[in-house]
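Asks:
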Amino acid sequence: MSKSFDIIGAPFNQLGFVTTKENTVNGIRRMDETSWIGLTDWIQVRNSRWHSDIVDTGDVPITLDVQELIDSDRKDAALQLYSSQLKSKLLETYHSGRIPITIGGDHSIAVGTLQATMEYYQRDKKEKVAIVWVDAHADINNSLDSNLHGKPLALLMNQYPYNDWDIPSDIAVNPEDVYYIGVRDLMRNEFDLINELNITNYDMPFIEKYGFNAVVEILMEKLEQDYDRVYLSFDYDALDGSIFRACATPNVGGLTAREALHLVHTISSSPKFVGADFVEYLPERDSNGVSKELMVKLIDSVWGFHL
Ligand SMILES: [Mn+2]
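First residue of the sequence shown: 1, per full-length UniProt numbering; consecutive thereafter.
(1) If R285 and R245 are in contact, beta carbons under 8 Å, what's the gap, nearest whole angstrom?
(2) Do N158 and A172 come within 7 Å of each other at the CB atom, strictly closer than that value?
(3) Any contact of the segment 245-263 with the segment 79-93, i.e. 3+ C-beta pairs under 8 Å?
(4) I'd like the ranges of any alpha helix (DSSP H) spanning at least 4 consecutive residues and lying wholly in the segment 128-189.
(5) Exposed or buried, what is W50 when buried is set at 16 or more other beta-carbons lying within 10 Å of its beta-carbon?
(6) Over what stretch of residues does the beta strand (DSSP E) that includes L232 continue unbroken?
(7) Using only alpha-carbon positions, find the residue among D185, Y281 and L298 that is nearest to N26.
(8) Between D170 and ligand 1, is the CB less than 6 Å from at least one heavy atom?
(9) Quick check on E176: buried or exposed, where buried means 16 or more other Cβ atoms within 10 Å of its Cβ?
(10) Indicate whether the contact test is met: 3 or more Cβ pairs, each with one atom in the segment 215-233 and one in the segment 117-135, closer than 8 Å.
(11) Short check: CB of A110 to CB of P61, under 7 Å?
(12) Pick out every residue whose C-beta is nearer than 5 Å to a heavy atom of ligand 1: which are they, in chain order?
(13) Mind checking G112: buried by the 16 CB within 10 Å criterion, or exposed?
(14) Would the segment 182-192 and the segment 95-104 be scored as touching if the rule is three or more Cβ pairs under 8 Å?
Dropping the structure here:
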């Protein structure tokens, strides 16, 4: 049975180190005269010439309620509200037997996408879900005073006991089900928490030592043995910041374009693949369109493109 996909736009970019009200998803969708590439056109080609079933369902917009919370500096509440709206949207996709591909926005949107995934597969179907978190950062900052886009995993694991955050335990993320790839920039409290919770961390030193393809093989073997499902959360800043700088926090020494394309294609080819996030890309910082071409190709790797 071939798979069907829903593109879900989550242009929520208010909680990061650099905020923007520009619609970051539209920046990927539309053709422009720098990159000469746009996701909308590519989807049409996939659907018409390759008989794919990909539907762009549009955005989960920033409602006035959410914007008011942000403007009055109640960011935790804004994220809770936006996450609940995004979660509902993903649940519709899951219930119709389709695969959600969510485009951000900053990484805080994973609070919504993963709660939906955990509710549908972990709570309701009693299936074990692995989360592959591809990122320069661990996003598990559990201190009160840091940006919310730096703590989605802390929130999802109930490691952040502030501002009424409490994820129901049957949809919370278990630390042992998280697999980091590409991490190379940690805060001290994150370093401690990763060790305390014993999270699998295929960080850049590990990748440097064993080689990227070997690490992907180790990961896929683990998923094959121990999991029913796999969800991918891909942060643009996992890529090597010496080339790919179109984000708030570019970081030199990360994944090459080929490594990222290989990884996304390999994970999404698994029969266990249930969905993905692509986050943190900022079109306004993409001066030459190279990053946009890669983002479109990474997303296209989910259903077609491979090296
Ligand atoms: Mn991230």
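Glycine included, C-beta positions come from ideal geometry on N, C-alpha and C.
Replies: Checking against the coordinates, here is how it stands:
(1) 7 Å
(2) In contact: A172 and N158 (Cβ atoms closer than 7 Å).
(3) Touching, no.
(4) The DSSP assignment places 152-156 as complete runs of the alpha helix (DSSP H) inside the segment 128-189, in order along the chain (cut-off: 4 residues).
(5) exposed
(6) R229 to D235
(7) Y281
(8) no
(9) exposed
(10) yes
(11) no
(12) H107, D135, D139 and D235
(13) buried
(14) No, the segment 182-192 is not in contact with the segment 95-104.
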